[in-house]
Amino acid sequence: MAYEFSRIEKKWQNYWLENKTFKAVTGDKEKPKFYPLVEFPYPSGEGLHVGHPRPYTAMDIVARKRRMQGYNVMFPIGFDAFGLPTENYAIKNHMHPRDVTKRNIARFTSQLQMLGYSFDWDRVVDTTDPDYYKWTQWIFLQMYKQGLAYKMSMPVNWCTSCKIVLANEEVVNGVCERCGGEVIKKEKSQWMLGITKYAQRLLDDLDDVDYIERVKIQQRNWIGRSTGAEVDFATTAGDTMCVFTTRPDTLFGATYMVMSPEHALIEKWADKISNMDAVRAYQHEAAKKSDFERTELNKEKTGVVIEGVRAINPVNGEEIPIFLSDYVLASYGTGAIMAVPGHDQRDWEFAEKFGLPIIEVVKGGDVTKEAYVSKDESAIMVNSGFLDGMTVKAAIPAMIKWLAEKGLGREKVNFKLRDWVFSRQRYWGEPIPIINCPKCGWVPMNEEDLPLLLPDVKSYEPTDTGESPLAHMRDWVECTCPKCGGPAEHETDTMPNWAGSSWYFIRYMDPKCDTAVASKKAIDYWSPIDWYNGGMEHTTLHLLYSRFWHKFLYDIGVVPTKEPYQKRTSHGMILGEGGEKMSKSRGNVINPNDIVEQYGADTLRLYIMFIGDFEKAAPWSDSAVKGCKRFLDRVWALAEKRIEGGEGYSKANEKAMHKTIKKVGDDIENMKFNTAIAAMMTLTNQFYESAPSRGDMKTFLTLLSPFAPHIVEELWEIQGFDGLASSQSWPEYDEAKTLDEEKEIAVQVNGKLRGTVVVPAGCEDAVAVEAALADTRVKKFTDGCAIVKTIVVKDKLVNIIVKPSK
RNA sequence: GCCGGUGUGGCGAAACUGGCAGACGCACCGCACUCAAAAUGCGGCGGAGUGAUCCAUGCCGGUUCGAGUCCGGCCACCGGCACCA
């Protein structure tokens, strides 16, 4: 008989909520603490997606199991609710974003509760709550005071469709990550956060945390450390031109220089440059290009030579031309390069096009055909004066030493990571708590005046000029300067949606605290997060940003650990039925509500975990869901009537019980949920052969409870076991009892499987060989042959090597 | 181009450290129950062959008594980065 999942699930969800079964208590010294974390959702208008239950169920299983193992577990949830989609929806439907958010959060809450997660609902955090964003603003102020937040005019990524400035991280393939709109460069004054000051530490401290390797590699690549030297080139204009190179050894091969079109020296040299018209025209062309066009590969190199100013190669005193080209980026290194066409393919192509000399300085290739770019450190230097005959490996430090002695250069480390563009010209974000005073300049607000609340405005429409809608609210904008008391104005930019999510995990520790981000006591008790699971797509955004904020908070003494997360794991995406990404346009989106209604939350939980390897993408299958429902029906059928008898294991099932306890426990810790479920299915199938005793059933239900908590609580009650299933101790197994007394081992002859024999476990090799040779099927292959050798793998296999004897 | 990852039945997938490839589930087939169907239970289920046996983990080669697993060389797909000096 199928069970009434709707009634049962509602019953237990209400019970857990009313009794606060999963409430976490700060400061429990009796138990070890365990703080698992999932990425809090953005409460979109579409509601919960089937993608959400995968990581949430996984960590819920871990949390429930650890709780049963005696840990003091805090498993929190919240909402990352600032952001563009809500604002756009509000504009379209003439609602206040706050009301849209409130409604969406209510919907998400009921959907999450419908899935039976063991969250501590008293710790819910909402990033748009003034009591929360007060502290987001507070952290920003601390960063400002430490010089980490600064305003700077710079070319920014401007989405022509959203009318908003984007962080580099939000530009994907030259288009806006959100809307796919065209992104162009625009000069704007922006608030920036100095994440690059933390680049080295963000890199180094990866060694001390337990992240899956893919995440570490991706972060390292994103930070992009490279070592080399800065070299000062004198110019005929008098100014020095500083460049960064990873190959100072090739300096003798530098035959020209290239500056990015935005380079500051161009303006300085304006009266010395004789072809200024051509230079201006090129600058104009470059600015007009979108990021997409500019970074497109395989296009021909363009550029213009600067006439009137030349650079001097410090190693040989030769005058070399300076070009302007957009293949040199303003934002990396010094915005200018020394070009070594013999050993850099881009420089080579440029030199070919403009007829510039190409000099070989490292032996090994044919620079008349292409640049020789090998990283072979044992290659020999040529045409390089005092470096001639040295290996590349020796030449690099030799050149750096030479430069340093002459004061012409120095060793230098560079990062690809850029500072974080932190301003958004939109309404639905945290106001930046800085005041612009005509007398005093930028002045931070007083901490006592936080939070700086978002005002109610009539229109949230972004402006074409790129100003925030807040700029129209004159009575909000106008204020007094905290420093001089004169008339001043609030900053009208808001923070990006990454702000609130950069520290939410600290707020969970003490969500109602009104004197600090969280009380010291709570932070000291719960830090660090023991296990954070989330999507790979957040590796270079949220994960990096939040590590940066956490390190800053560590530096100012707010948190006790250098790193926020001890362990990071990642889940694969849930794809549509055909293996394609789920999307509204494909019409293959699965709504978790439908599944819960049709099969129940326990079935959904079980299926989403059984679907395949947790780390890999997996396609949804409607029919496979039924298999999990069938499993629960079979469990129900076994236990819907009270089993009588003692609490011990039955003889027939004892071994299987111990094996399953071991398997399920190990698999949960290793996130192998699919095989844990398979093991429980196998045990259930066995119960259909050998009826479970009361003790068998009790342990089985305990194992199943993290996966399918509702049905288990109900059956637990039916069986009349004490307390809640969720509050039981996790079962122990006896290693000795998981071992078989007899083993069926494989018998190979010359490496080919020819049969199996049963032998006592751990028996002597000779016994196994004897048994193998006695097997009739094996005999067929060994008869009339000489046995050359036997190989025995204990409890696994015997391989008999024979040779036909004459 | 660079950095990751993946490739196993009709499908989702298992396989510890090199040791019986395909656990568990879906789909399918058969049987029982049923007037019948569904549901449920029991059994079968990589391919070829009557059979003994042979062939099978993307492709080619190697190491080994033995390779899905290790090594070398390819191919395909997915994800990330991409003129980073």
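In this note's numbering, the protein residues as written are 200 to 1005.
Note that beta-carbon positions come from the ideal geometry of N, C-alpha and C, so glycine has one too.
> With burial defined as no fewer than 16 other Cβ atoms inside 10 Å of the residue's Cβ, what is the status of P254: buried or exposed?
Replying inline: Taking the first sequence and counting its residues from 1, the one referred to as residue 254 is at position 55. The residue is buried, with at least 16 neighbouring Cβ atoms inside 10 Å.
>> Any contact between the stretch 267-278 and the stretch 923-930? By contact I mean 3 or more CB pairs, one from each, below 8 angstroms.
In response: yes
>> Within the continuous alpha helix (DSSP H) that includes R419, where are the two ends?
In response: The residue given as residue 419 occupies position 220 in the first sequence. It spans E412 to I422 - the alpha helix (DSSP H) in which R419 sits, taken as one unbroken run.
> Is the beta carbon of R767 sitting closer than 8 angstroms to the one on Y410?
Replying inline: Start at 1 with the first residue of the first sequence, and residue 767 comes out as number 568. Start at 1 with the first residue of the first sequence, and residue 410 comes out as number 211. Taking 8 angstroms as the Cβ cut-off, R767 and Y410 qualify as a contacting pair.
>> Whole angstroms are fine: how far does the CA of N474 sit from the CA of P506?
In response: Locating residue 506 in the first sequence gives position 307, where the first residue counts as 1. Locating residue 474 in the first sequence gives position 275, where the first residue counts as 1. In the sequence on display, residue 506 carries Glu and not Pro. So the alpha carbons of these two residues sit roughly 6 angstroms apart.
> Whole-angstrom Cβ separation of I363 and R625, contact assumed at under 8 angstroms?
Replying inline: Mapped onto the first sequence, residue 363 falls at position 164. Mapped onto the first sequence, residue 625 falls at position 426. Cβ-Cβ separation between I363 and R625: approximately 6 angstroms, consistent with a contact (criterion under 8 angstroms).
>> Let me confirm a value: L882 is counted as buried when at least 16 other C-beta atoms fall within 10 Å, else exposed. Which label applies?
In response: In the first sequence, residue 882 corresponds to position 683, counting from 1. The residue is buried, with at least 16 neighbouring Cβ atoms inside 10 Å.
>> Comparing C-alpha positions only, which one of L914, D406, P240 and L900 sits nearest to N732?
In response: Translated into positions along the first sequence, residue 732 becomes position 533. Comparing Cα-Cα distances from N732 to each of L914, D406, P240 and L900, the minimum goes to P240.
>> If you measure between the beta carbons of V863 and A851, is that distance less than 8 angstroms?
In response: Residue 863 sits at position 664 when you count from the first residue of the first sequence. Residue 851 sits at position 652 when you count from the first residue of the first sequence. It is not a contact, given that the beta carbons lie outside the stated cut-off.
>> According to DSSP, simplified to helix, strand and coil, what is E386?
In response: As a first step, residue 386 is located in the first sequence; it is residue number 187 there, counting from the start. Three-state DSSP puts E386 in a strand.
> My guess is that Q336 and E610 are in contact by the Cβ rule of under 8 angstroms, so how many angstroms apart are they, rounded?
Replying inline: Residue 336 sits at position 137 when you count from the first residue of the first sequence. Residue 610 sits at position 411 when you count from the first residue of the first sequence. Going by Cβ atoms, the distance from Q336 to E610 rounds to 40 angstroms, so no, they are not a contact pair.
> Looking at the unbroken beta strand (DSSP E) that takes in V997, where does it start and where does it end?
Replying inline: Within the first sequence, residue 997 is the residue found at index 798, counting from 1. Taken as a continuous stretch (DSSP letters only), the beta strand (DSSP E) holding V997 covers L996 to P1003.
> Is the beta carbon of G541 sitting closer than 8 angstroms to the one on V560?
Replying inline: On the first sequence, position 342 is the one that residue 541 refers to. On the first sequence, position 361 is the one that residue 560 refers to. Contact flag set, yes.
> Since V1001 contacts A985 with CB under 8 angstroms, what's their CB separation in whole angstroms?
Replying inline: Reading the first sequence from its first residue, position 802 is the one you call residue 1001. Reading the first sequence from its first residue, position 786 is the one you call residue 985. With 8 angstroms as the limit, V1001 and A985 qualify as a contact, their Cβ atoms being about 6 angstroms apart.
> Are D430 and L602 close, meaning C-beta to C-beta below 8 angstroms?
Replying inline: Here the question's residue 430 lines up with position 231 in the first sequence. Here the question's residue 602 lines up with position 403 in the first sequence. Just to set this straight, residue 430 is Val in the shown sequence, not Asp. Contact flag set, yes.
>> Does the stretch 702-710 come into contact with the stretch 652-665, if we say contact requires no fewer than three beta-carbon pairs (one atom in each stretch) closer than 8 angstroms?
In response: no
> Going by C-alpha distance, which of V572, K815, K682 and V566 is nearest D543?
Replying inline: Position 344 of the first sequence, counted from the first residue, corresponds to residue 543. Comparing Cα positions, the closest option is V572.
> Straight-line CA distance for L392 to G665?
Replying inline: Taking the first residue of the first sequence as position 1, residue 392 is located at position 193. Taking the first residue of the first sequence as position 1, residue 665 is located at position 466. Each residue's alpha carbon lies about 20 angstroms from the other.
> Should A973 be labelled buried (16 or more other beta-carbon atoms within 10 Å of its own) or exposed?
Replying inline: Within the first sequence, numbered from 1, the residue matching residue 973 stands at position 774. The residue in question, A973, is exposed, as its Cβ has fewer than 16 Cβ neighbours within 10 Å.
>> Just list the residues that DSSP pairs F443 with in beta bridges.
In response: As a working note, residue 443 is residue 244 in the first sequence. According to DSSP, which records beta bridges pairwise, F443 is partnered with E429.
> Using a Cβ-Cβ cut-off of 8 angstroms (strictly less than) and excluding sequence neighbours within five positions of G847, which residues of its own chain qualify?
Replying inline: Counted from its first residue, the first sequence places residue 847 at position 648. Closer than 8 angstroms at Cβ, skipping near neighbours: S892 and G894.
>> Tell me the residue span of the alpha helix (DSSP H) that contains F307.
In response: As a first step, residue 307 must be located in the first sequence, where it is residue number 108. First-last of the alpha helix (DSSP H) with F307: P296 to M313.
> Taking the C-alpha atoms as reference points, what is the distance between E149 and Q389?
Replying inline: Residue numbering for the chain in the displayed model covers 200 to 1005; residue 149 lies beyond these limits and cannot be assessed.
> In three-state terms, what does DSSP make of T454?
Replying inline: Position 255 of the first sequence holds residue 454. The answer is coil: DSSP assigns T454 none of H, G, I, E or B.
> Whole-angstrom Cβ separation of I773 and W819, contact assumed at under 8 angstroms?
Replying inline: As a working mapping, residue 773 is identified with position 574 in the first sequence. As a working mapping, residue 819 is identified with position 620 in the first sequence. The pair is a contact, with the Cβ atoms about 6 angstroms apart (cut-off 8 angstroms).
>> Nearest by alpha-carbon distance to G244: which of A480, K222, P284 and W675 is it?
In response: As a position in the first sequence, residue 244 is number 45, starting the count at 1. Measuring from the Cα of G244, the nearest candidate turns out to be P284.
> Between the beta-carbon of F274 and the beta-carbon of S309, is there less than 8 angstroms?
Replying inline: Counting from one through the first sequence, the residue named residue 274 turns up at place 75. Counting from one through the first sequence, the residue named residue 309 turns up at place 110. Going by C-beta atoms, F274 is not nearer than 8 angstroms to S309.
> In three-state DSSP terms, what is A835?
Replying inline: Sequence index remark: in the first sequence, residue 835 carries index 636 (1-based). Correcting the residue identity first, residue 835 is Trp in this sequence and not Ala. Residue state, collapsed to three classes: helix.
>> Using a Cβ-Cβ cutoff of less than 6 angstroms, which residues in the same chain neighbour D227 once the five nearest sequence positions on both sides are dropped?
In response: The count along the first sequence starts at 1 and reaches residue 227 at position 28. Contacts found: N271.
> Can you give, in chain order, each stretch of the alpha helix (DSSP H) that sits fully within the stretch 918-984 and has at least 4 residues?
Replying inline: 964-973 and 975-981
> With a CB to CB cut of under 7 angstroms and the five nearest residues on each side skipped, what residues in its chain are close to K471?
Replying inline: Taking the first sequence and counting its residues from 1, the one referred to as residue 471 is at position 272. So the list reads A436, G507 and V508, once near-sequence residues are dropped.
>> Looking at the secondary structure, which residues open and close the beta strand (DSSP E) in which W641 lies?
In response: Mapped onto the first sequence, residue 641 falls at position 442. Run containing W641: G640 to P643, per the beta strand (DSSP E) assignment.
>> Within a Cβ cutoff of 6 angstroms, which residues of the same chain sit near L902, ignoring the five residues on either side of it in sequence?
In response: As a working mapping, residue 902 is identified with position 703 in the first sequence. Hits under 6 angstroms: V863.
>> If distances are taken between C-alpha atoms only, which option among H857, Q765 and F339 comes closest to A935?
In response: Here residue 935 is taken as the residue at index 736 of the first sequence, counted from 1. For A935, the nearest C-alpha among the options comes from H857.
> From G922, A965 and N998, pick the residue whose C-alpha is nearest to that of T949; which is it?
Replying inline: Position 750 of the first sequence, counted from the start, is the residue given in the question as residue 949. Note on residue identity: the sequence assigns Asn, not Thr, to residue 949. Answer by Cα proximity: N998.
> By Cβ distance, which residues of its chain are closer than 6 angstroms to E814, with the 5 residues on each side in sequence left out?
Replying inline: In the first sequence, residue 814 corresponds to position 615, counting from 1. Closer than 6 angstroms at Cβ, skipping near neighbours: G771.
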